[in-house]
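Written out below as structure tokens is the structure these notes cover.
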Amino acid sequence: MADIRRKTRIQKYWSQYSWSNIWAMLKNNGAAPKICDQRCEGKLVVITGATSGIGYRTARRYAAGGADLLVINRNPEKSAALCEEIQRDFSVRCDSLVADLSQLDEIHKAANRLAVLERPIDVLIHNAGVYLKKRSVTQDGLETTFVVHYLSSFIMNWILLDKLKRENRARIIYVGSEGYRFAVWGLNLEDLQFEQGGYSGLKAYGSAKTAQLLSMHHFASLFTGTSVSINAMHPGMVATNTGRENHVLYRWFKKNVLDRASQSPDISAEALYYLGIAPDLNGVTDSFFNLTTLEELAPPALDREVADELWHKSLELGRLA
Numbered sequence: 227m228a229d230i231r232r233k234t235r236i237q238k239y240w241s242q243y244s245w246s247n248i249w250a251m252l253k254n255n256g257a258a259p260k261i262c263d264q265r266c267e268g269k270l271v272v273i274t275g276a277t278s279g280i281g282y283r284t285a286r287r288y289a290a291g292g293a294d295l296l297v298i299n300r301n302p303e304k305s306a307a308l309c310e311e312i313q314r315d316f317s318v319r320c321d322s323l324v325a326d327l328s329q330l331d332e333i334h335k336a337a338n339r340l341a342v343l344e345r346p347i348d349v350l351i352h353n354a355g356v357y358l359k360k361r362s363v364t365q366d367g368l369e370t371t372f373v374v375h376y377l378s379s380f381i382m383n384w385i386l387l388d389k390l391k392r393e394n395r396a397r398i399i400y401v402g403s404e405g406y407r408f409a410v411w412g413l414n415l416e417d418l419q420f421e422q423g424g425y426s427g428l429k430a431y432g433s434a435k436t437a438q439l440l441s442m443h444h445f446a447s448l449f450t451g452t453s454v455s456i457n458a459m460h461p462g463m464v465a466t467n468t469g470r471e472n473h474v475l476y477r478w479f480k481k482n483v484l485d486r487a488s489q490s491p492d493i494s495a496e497a498l499y500y501l502g503i504a505p506d507l508n509g510v511t512d513s514f515f516n517l518t519t520l521e522e523l524a525p526p527a528l529d530r531e532v533a534d535e536l537w538h539k540s541l542e543l544g545r546l547a
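Start counting at 1 in the sequence shown, then tack on 226, and there's your number in my numbering.
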């Protein structure tokens, strides 16, 4: 049955793929992000994975614009140091929640804390990520990349749904990736956890990022009639700490090859600030940006039938059903 469904997907997507989509992506990769100079005093910005890389630079960019921050990180010492730095350098408020976003109990706990905040959330940035060369399973029995990149943000959005609708103002932003294209033939719904073999870091990463985009369409429909938007962006090729969990050879390759060809995460932070604050994006939702350039998604990330089935599986896997 799984093989039949895979062949069906290949036939379906093959006819939908367009070279113009690929050329547009390559062209967009070289474009600089749009800049927003508008300040954001009084806004509350929530960022996951903010102690290093893109998340850290984004936290500082929003603080420089006057926003208050609530950061969600797994390391309490680094999280406390970040908030102390932000408050010292920018005289804005910075609070933190400590949560390991690979563990379902901690994801639920963090989301429930956000759901009872008296203060409205203006920008919610799902940035936490991981890249693993070898398959890893969480204490809940789920593949780690899938949980951190996809299921954690799904759970948080679901639990925050009523609050965000009521407040009628939030911009939700996924720090996605053009790497969703690594899932060339889409999601294998029969093996989302790669239990049947064939695991690779790129496949797991691409699948998780594709799942993120597919769920974005559903959440956008749930926010119809409100001012809440939900979008995803590719942050560019930037040097971050992602991948430090892997073996020594990969870490050497990343440091000496990948990172040297990468841009500063300040580029990503500037793009995320624009996507969260720029007035010309009011009402823009269910969209994918390469930095700040609007881009058409590849066929597997537009498959509404797969999105429907993934949605129900996600509710079950996330202990929401």
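Ideal placement from N, C-alpha and C gives every residue a C-beta, glycine not left out.
Please say whether Ala-337 and Phe-316 have beta carbons closer to each other than 9 Å?
no
Since Leu-368 and Leu-536 should fall inside the 8 Å C-beta cutoff, what is the C-beta to C-beta distance between them, to a whole number of angstroms?
Not quite, the Cβ-Cβ distance comes to about 14 Å (not below 8 Å), so this is no contact.
Mapping DSSP to helix, strand and coil, what is Met-463?
In the three-state DSSP reduction, Met-463 falls in the coil class, being neither helix nor strand.
Could you tell me the boundaries of the beta strand (DSSP E) in which Glu-521 lies?
Counted as a single uninterrupted DSSP element, the beta strand (DSSP E) harbouring Glu-521 occupies residues 519-521.
Would you kindly report the start and end of the unbroken alpha helix (DSSP H) that includes Ser-513?
Where Ser-513 is concerned, there is no enclosing alpha helix (DSSP H), given that its DSSP letter is neither H nor E.
Cβ pair count under 8 Å reaching 3, the stretch 245-254 against the stretch 491-508
Judged by pairs of C-beta atoms under 8 Å, the stretch 245-254 does not touch the stretch 491-508, as fewer than three such pairs exist.
Check whether the stretch 296-314 touches the stretch 523-534, counting contact only when three or more Cβ pairs, one atom from each stretch, lie closer than 8 Å.
no
Rounded to whole angstroms, what is the Cα-Cα separation between Ser-513 and Ile-456?
8 Å
Supposed close pair Thr-274, Leu-308 - CB separation, criterion 8 Å
With 8 Å as the limit, Thr-274 and Leu-308 do not qualify as a contact, their Cβ atoms being about 13 Å apart.
C-beta atoms of His-334 and Gln-438 nearer than 9 Å:
no
Which residues share a DSSP beta bridge with Glu-369?
Val-363
Taking the alpha-carbon positions, what's the Arg-545 to Leu-390 distance?
Between Arg-545 and Leu-390, the alpha-carbon positions lie close to 21 Å from each other.
Roughly how many angstroms lie between the CA atoms of Tyr-499 and Phe-445, to the nearest whole one?
22 Å
Spatial distance of Gly-405 from Gly-423 (CA atoms)
21 Å
Tyr-376 versus Ser-426 - alpha carbon distance
Straight-line measurement puts the Cα of Ser-426 at about 17 Å from the Cα of Tyr-376.
What residues are listed by DSSP as bridge partners for Ser-455?
Arg-397
On the DSSP letters alone, give me the boundaries of the alpha helix (DSSP H) that Ile-312 sits inside.
302-316
Assuming Cys-266 contacts Leu-295 under a Cβ cut-off of 8 Å, what Cβ separation, rounded to an integer in Å, is found between them?
About 11 Å separates the two Cβ atoms, so there is no contact after all.
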